[in-house]
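Have a look at the structure below before the remarks.
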Amino acid sequence: VVSGEVNAGKSSLINGLFGRELCRTNILPETDRVLWYQFGPVARDVEITPVLEERFRPIEFLRDFNLIDTPGTNSIVQGHQDITAKFLPSADLILFVFPVTNPWGAATWNFISELSPESLKRVVFIIQQADQREPVDIEVIRGHMADLSIKRIGHAPPIYAVSGKNAYEAKRAAPFAEAQFKKSGYPELEHFISKKVCESPDRNAALETWRSQAAGALRFVEDHIETQTHTLNTQSRFLDTLEREVDEIRERFVTRLPSHLTGVAEIFETEAVWVTKILRRRMGAIPSLFRLFTGDRTGPEMESVFVERLQSAVEAVAEKDGVEVVEFCRRHW
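Just so we're aligned: the sequence shown equals residues -10 to 322 in my numbering.
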């Protein structure tokens, strides 16, 4: 949040920070409402209330930070200070801008005196237009402001003397005017802002919350993966054991196969003897004479009878083996 009296140099301060004309500057007040700068892919302005306007700009800095530019602590428009005060509790930094020509404006000092102790911890004093005074004069002003701060709020906040005009011109120059930028006082201010924001308790708490939640989610995923891996390994070992046991059972029954084949051969021989007896009876003189007149189907009939009896005998042996296999598996598992 950037605050201060009308024409204290707030807009120039902001433009110097961004190196572009984010806020218009003029001798007459240009900011007649509280401006809430946020990131947006397209530049656009949205009026929220008559005293509050959202401004979206495609500036990378605004992806991580919002910027509040206020009309002035001495603004006569009803509602300006109320809106400004609502942003202060959640602000990482509250920059109070004082013009080097008159850093004693009562409106600003009264506003600062009314801040809560928690907000006062985030207050920074900015002496703007420092290029209009000699360095020795700046140090005298800085000392008087520190003394007044101790009297009004009990401590002296950080005080930076800068020239927004010089910083803006240095950043816009091609090539970058490093000497002018250093002379503007902005390097120290920007370093302080970066350090202070990075160490913000609220931001650190939010980051810690996200870190904790992310770590918890990762632990859950890792535990789930570990459980699934253990389950798969257990199932794999079970399947390996099952395959070995099936192979052993198969080997055992294959070993018994010759004896089963011998039994099938005996059945074949027995059925062949039976069919031979039937065939001899049908090949007698009288049956043969009878078939001369009725037709001879002895071959197909004998084949059908033989196949049917042999199939029945083999199925009986196979069923017996199947029952043995099922019973063995039931006892084994």
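Beta carbons are placed, not taken as given, at the ideal position from N, Cα and C, and that holds for glycine. Since the structure is predicted, the reported quantities are computational estimates derived from the model, not experimental observations.
Contact check, residue i vs residue j under 8 Å by CB: the rounded distance?
{"i": "Leu2", "j": "Val151", "result": "7 Å"}
{"i": "Gly380", "j": "Phe7", "result": "This structure gives no information on residue 380, because the portion of the chain shown stretches from -10 to 322."}
{"i": "Leu142", "j": "Ser102", "result": "Before going further, note that residue 142 is Ile rather than Leu in the sequence given. 6 Å between Cβ atoms; contact."}
{"i": "Trp25", "j": "Glu10", "result": "About 18 Å; that fails the 8 Å criterion."}
{"i": "Arg(-7)", "j": "Gly61", "result": "At residue -7 the sequence reads Gly, which differs from the Arg that was named. Their Cβ separation, rounded to whole angstroms, is 7 Å, which keeps Gly(-7) and Gly61 in contact under 8 Å."}
{"i": "Phe257", "j": "Leu299", "result": "6 Å"}
{"i": "Phe317", "j": "Ile238", "result": "7 Å"}
{"i": "Val35", "j": "Pro47", "result": "That pair is no contact at about 15 Å."}
Taking the CB atoms as reference points, tell me whether residue i and residue j lie closer together than 7 Å.
{"i": "Asp81", "j": "Val186", "result": "yes"}
{"i": "Val40", "j": "Arg13", "result": "no"}
{"i": "Phe76", "j": "Phe114", "result": "no"}
{"i": "Ala156", "j": "Ser138", "result": "no"}
{"i": "Ile83", "j": "Val112", "result": "yes"}
{"i": "Phe170", "j": "Ala159", "result": "yes"}
{"i": "Gln117", "j": "Pro78", "result": "no"}
{"i": "Thr90", "j": "Thr73", "result": "no"}
{"i": "Met134", "j": "Pro106", "result": "no"}
{"i": "Gly(-2)", "j": "Gly153", "result": "yes"}
State yes or no: is the beta carbon of residue i nearer than 7 Å to at least one beta carbon in chain D?
{"i": "Leu196", "result": "The question asks about chain D, but that chain is absent: this structure has only one protein chain."}
Would you list the residues sitting across from residue i in a DSSP beta bridge?
{"i": "Pro402", "result": "Residue 402 lies beyond the residue range present for the chain, which begins at -10 and ends at 322; the question has no answer from this structure."}
{"i": "Thr38", "result": "Leu41"}
{"i": "Arg33", "result": "Phe45"}
{"i": "Val23", "result": "Leu41"}
For the alpha helix (DSSP H) that residue i lies in, which residues bound it at each end?
{"i": "Thr97", "result": "Ala95 to Ser102"}
{"i": "Leu178", "result": "Tyr175 to Cys187"}
{"i": "Arg9", "result": "No alpha helix (DSSP H) holds Arg9; DSSP gives it neither H nor E."}
{"i": "Gly132", "result": "Pro124 to Ile142"}
{"i": "Ala166", "result": "Run containing Ala166: none; DSSP gives neither H nor E here."}
So what does DSSP say about residue i, is it helix, strand or coil?
{"i": "Arg161", "result": "helix"}
{"i": "Ser108", "result": "helix"}
{"i": "Asp81", "result": "coil"}
{"i": "Gly(-7)", "result": "strand"}
{"i": "Ala150", "result": "strand"}
{"i": "Phe28", "result": "strand"}
{"i": "Arg46", "result": "strand"}
{"i": "Glu316", "result": "helix"}
{"i": "Gly311", "result": "helix"}
{"i": "Ala206", "result": "helix"}
{"i": "Ala302", "result": "helix"}
{"i": "Ala145", "result": "coil"}
{"i": "Ala261", "result": "helix"}
{"i": "Leu17", "result": "Residue placement at Leu17 cannot be trusted, given a pLDDT of 46 that sits under 50; what the coordinates show is reported in the next sentence. If DSSP states are grouped into helix, strand and coil, Leu17 belongs with coil."}
{"i": "Ile65", "result": "Confidence at Ile65 is low in this model, with a pLDDT of 46, below 50, so its placement is unreliable and no value can be given for it."}
Could you tell me the boundaries of the beta strand (DSSP E) in which residue i lies?
{"i": "Leu56", "result": "Leu56 to Asp58"}
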